[in-house]
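Reviewing the structure listed below.
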Amino acid sequence: MTVFIIRRLMQSGLVLLLMSLIVFFGVFAIGDPVEIFIAADADQAERERAIAALGLDRPIWEQYFFFVANALKGDLGRSFVFNMPSIDLILMRLPATLELALVAVAMSVLIGVPLGMYAGYRPDSVGAKTIMAGSIFGFSLPTFWVGLMLILIFAVELGWLPSTGRGELGTFLGVQSSLFTWNGLSHLFLPALNLALFNISLVIRLTRAGMRENLPMDYVKFARAKGLSQRRVVLVHVLKNILIPIVTVVGLEIGQVIAFAVVTETIFAWPGMGKLIIDSINNLDRPVIVAYLLIIVIMFIVINLIVDILYSILDPRVRLGDMGK
Amino acid sequence: MTDALHPAAPPKVETPFRRFVADFCESRIALAGLAVFVVVFAAAMLCAWISPQNPYDLRQLDIMDGKMKPGSTSGDGLVFWLGSDSQGRDMVSAILYGLRTSFLVAVTSGFIAAAVGTTVGLLAAYYGGRVDTLLMRAVDIKLSFPAILIALILLAVLGQGTDKIILALVIIQWAYYARTVRASALVERRKEYVEAAHCLALPKSRILFRHILPNCLPPLIVVGTIQIANSIALEATLSFLGVGLPITEPSLGLLIANGFEYILSGVYWISFFPGVALLVTIVSINLVGDQLRDVLNPRLQK
Chain A
29 MTVFIIRRLM
39 QSGLVLLLMS
49 LIVFFGVFAI
59 GDPVEIFIAA
69 DADQAERERA
79 IAALGLDRPI
89 WEQYFFFVAN
99 ALKGDLGRSF
109 VFNMPSIDLI
119 LMRLPATLEL
129 ALVAVAMSVL
139 IGVPLGMYAG
149 YRPDSVGAKT
159 IMAGSIFGFS
169 LPTFWVGLML
179 ILIFAVELGW
189 LPSTGRGELG
199 TFLGVQSSLF
209 TWNGLSHLFL
219 PALNLALFNI
229 SLVIRLTRAG
239 MRENLPMDYV
249 KFARAKGLSQ
259 RRVVLVHVLK
269 NILIPIVTVV
279 GLEIGQVIAF
289 AVVTETIFAW
299 PGMGKLIIDS
309 INNLDRPVIV
319 AYLLIIVIMF
329 IVINLIVDIL
339 YSILDPRVRL
349 GDMGK
Chain B
521 MTDALHPAAP
531 PKVETPFRRF
541 VADFCESRIA
551 LAGLAVFVVV
561 FAAAMLCAWI
571 SPQNPYDLRQ
581 LDIMDGKMKP
591 GSTSGDGLVF
601 WLGSDSQGRD
611 MVSAILYGLR
621 TSFLVAVTSG
631 FIAAAVGTTV
641 GLLAAYYGGR
651 VDTLLMRAVD
661 IKLSFPAILI
671 ALILLAVLGQ
681 GTDKIILALV
691 IIQWAYYART
701 VRASALVERR
711 KEYVEAAHCL
721 ALPKSRILFR
731 HILPNCLPPL
741 IVVGTIQIAN
751 SIALEATLSF
761 LGVGLPITEP
771 SLGLLIANGF
781 EYILSGVYWI
791 SFFPGVALLV
801 TIVSINLVGD
811 QLRDVLNPRL
821 QK
């Protein structure tokens, strides 16, 4: 186990090094770093000070060390638009993105599991067929277009829910979130549903497959033979067994959801880091782009590492297979 | 009925291709998907001849015809069956031109990615050992990052452009092809015909590309179909976000993005219809892909 974790840590370190090199060469070799880190309206003295501070007058390999050292100190330049350190700016926007992603994941389980259980329990009913056809659309519909249609239906035509922004925040146990106010919840619902749609379909399919696989099994027959109610057999015994693969897959999908939040945030003007990066690309706010790339890469490397380790705890075959190589 | 002039049709031989076609035709929904796809694809490729106007010839546009409802008639007597956008552009024409751009980008990137991925997969399977471990680790690492994230990183660094989005799509897709080809090539490599080719002292490249590769094609075709649908969706998403294709090459994603600002005022058709076109395209390709997967899967063969 320890060996496995150490190997994975080393691999993550290698990926991090590789990614930092890619970002560095993208910024410093393909682009012009002076243009990237120094605003166009800076005067000559300011430019020279910044060039010296960033080490841009050094040879390229020394520049890389400067870049890494500055990144480690949390100093990746100041945003041209917001005039604050770009890293602080992104960390400020992080909670909104995490909130959206976690609510979307929760929604995909809370909606997907019951629908999938029904579709697996009565596979030939009209309801089940509707659910499965719906899940095909959930896979094929482009997220951004669904978002627009949700706005069109619920915000423009029906006027039930607000279309943009994050609403009021409430504080509970020191955590600020829009989950704690009605206004916040009403703003959160549409973007979270939009982001969850793909995963709802995924969970429906997994749950249905799990139901179909588990229902004919001996333990179900035994539970029935013991005289347990059908309700208890399905909702306790079977559910417990089908939840294992669902939890694994949903856990793996969290990273995907955070990445796809970029699209949803842009449509619903949700003030998270995804909207920030798109705005920064459009405004040529380059220090923010560089900082975003580094932070998101680190975030994904950490997520992947955690998923790998959890996976090896849940399924020892993964770990053993890796050792055998 | 048989005479010298009209000889009887030769008895039908069941070739693998005929069996494949017959198997494919068993699913009506897949056939429908294929038909829809062929129509959409042909319409997109022929857009210069069949669309009512050239949406990017400014002389043909009249700003007075802007934001017309579906079914209304323009000043020149042209019927906007799907409405017009803010510059008086016929949506039918804009969608056909946009589809052509989307297809060109997806198919080009698909072919390059398939070529790169196939080579990597074949090499990994053939040489095994260190080469295999190294190449497959690269595939694993690539697959551990979501596609949209890789595309954003690349496009943020490289900037906009048709060539850049094709490059991004290639970098996103090659790993799927590599993994698929490796899996089937590993099986093929141990078969006797490969051994026979070795005994003939054929060059390695010939064994790899002329002997092993043709036998790895079925799963490759399935992955290719699904990947084309995925890259059309991804390209549309990126263009919608404003980091994909430049404004001079309007794909479906850009059309939808253009309509976004009018949607709050109830002008829905500028975004709605390009989205429907995108959906129809993706669903039809996926239906075909699903059926191909069932037909080409040896485990499911009767």
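Same order as they appear, the protein sequences are chains A and B. Sequence positions in the first sequence follow the numbering used here and run 29 to 353. Sequence positions in the second sequence follow the numbering used here and run 521 to 822. In this text, a Cβ means the ideal position worked out from N, Cα and C, and glycines have one as well.
Reference residue i, options the options, closest by Cα
i, options, result
"T745/B", "L672/B, L765/B and L816/B", "L816/B"
"G795/B", "R813/B, L774/B and S571/B", "L774/B"
"P734/B", "T639/B, A721/B and K662/B", "T639/B"
"I790/B", "Q607/B, L737/B and A568/B", "Q607/B"
"V137/A", "V231/A, I272/A and G238/A", "V231/A"
"T768/B", "R538/B, P575/B, S547/B and M565/B", "P575/B"
"V96/A", "G283/A, S48/A and T158/A", "S48/A"
"H215/A", "F288/A, S191/A, T125/A and G105/A", "S191/A"
"I118/A", "I306/A, L234/A, N222/A and S340/A", "I306/A"
"I691/B", "Q747/B, L624/B and V541/B", "Q747/B"
"F172/A", "G105/A, T125/A and A289/A", "A289/A"
"L178/A", "I331/A, F296/A, L46/A and M38/A", "F296/A"
"D652/B", "A633/B, V701/B, G679/B and A542/B", "V701/B"
"R710/B", "A645/B, F793/B and L602/B", "A645/B"
"K303/A", "T294/A, Q39/A, N242/A and N311/A", "T294/A"
"E712/B", "H731/B, M656/B, K724/B and A703/B", "H731/B"
"V133/A", "L143/A, D103/A and V285/A", "V285/A"
"A287/A", "I549/B, L669/B and V559/B", "L669/B"
"A688/B", "A633/B, A703/B, S704/B and G648/B", "A633/B"
"L812/B", "K724/B, V612/B and A542/B", "A542/B"
"L169/A", "A749/B, L706/B and L663/B", "A749/B"
"L798/B", "I615/B, A568/B and T628/B", "I615/B"
"D91/A", "I79/A, K254/A and L143/A", "According to the sequence shown, residue 91/A is Gln rather than Asp. Nearest C-alpha to Q91/A: I79/A."
Burial state of residue i (16 or more Cβ within 10 Å)
i, result
"D660/B", "exposed"
"C736/B", "buried"
"P87/A", "exposed"
"A555/B", "exposed"
"G764/B", "buried"
"I28/A", "In this structure chain A extends from 29 to 353, so residue 28/A is not present and cannot be described."
"Q72/A", "exposed"
"K353/A", "Residue confidence is low: K353/A scores 42 on pLDDT, short of 50, so the model does not pin down where it sits. No coordinate-derived value is stated."
"I115/A", "buried"
"L45/A", "exposed"
"F11/A", "Shown here, chain A extends from 29 to 353; a query on residue 11/A therefore has no answer."
"S785/B", "exposed"
"P666/B", "buried"
"I341/A", "exposed"
"F729/B", "exposed"
"K822/B", "Low confidence applies here, because K822/B scores a pLDDT of 46, under 50, leaving its location unreliable; read the following figure in that light. Exposed."
"C719/B", "exposed"
"D577/B", "exposed"
"G637/B", "buried"
"P244/A", "exposed"
"G193/A", "exposed"
"A703/B", "exposed"
"W298/A", "buried"
Bridge partner(s) assigned by DSSP for residue i
i, result
"R702/B", "None; R702/B has no bridge partner."
"P113/A", "R106/A"
"S604/B", "D610/B"
Inside the stretch 197-262 of chain A only - beta strand (DSSP E) runs reaching at least 3 residues: 198-200 and 203-205
Where in the stretch 283-331 of chain A do unbroken runs of the alpha helix (DSSP H), each at least 4 residues long, occur, reported from the N-terminal end onward? Segments of the alpha helix (DSSP H) lying fully in the stretch 283-331 of chain A: 301-311.
The stretch 308-321 of chain A / the stretch 688-702 of chain B touching (three or more Cβ pairs under 8 Å): no
Across the stretch 226-242 of chain A and the stretch 264-284 of chain A, are there enough close Cβ pairs to call them in contact, namely three or more that are closer than 8 Å? Here the stretch 226-242 of chain A makes contact with the stretch 264-284 of chain A; the two share three or more CB pairs at distances below 8 Å.
Decide yes or no for the touch test of the stretch 561-568 of chain B against the stretch 606-624 of chain B: beta carbon pairs closer than 8 Å, at least 3 of them. yes
With a cut-off of 8 Å, do at least 3 Cβ pairs link the stretch 232-244 of chain A to the stretch 262-270 of chain A? yes
If we require 4 or more residues per run, which alpha helix (DSSP H) segments fall completely within the stretch 126-205 of chain A? 154-168 and 171-178
Indicate whether the contact test is met: 3 or more Cβ pairs, each with one atom in the stretch 156-170 of chain A and one in the stretch 258-266 of chain A, closer than 8 Å. Verdict: no, contact absent.
Could you pull out every unbroken alpha helix (DSSP H) segment of at least 4 residues lying fully inside the stretch 763-813 of chain B, listed in chain order? The stretch 763-813 of chain B contains these whole alpha helix (DSSP H) runs: 772-783.
Give, in chain order, every residue of the stretch 767-801 of chain B whose Cβ lies closer than 7 Å to some Cβ of chain D. The structure shown contains no chain D; the protein chains it does contain are A and B.
Sequence ranges, alpha helix (DSSP H) only - wholly within the stretch 628-682 of chain B, length at least 4: 649-663 and 667-678
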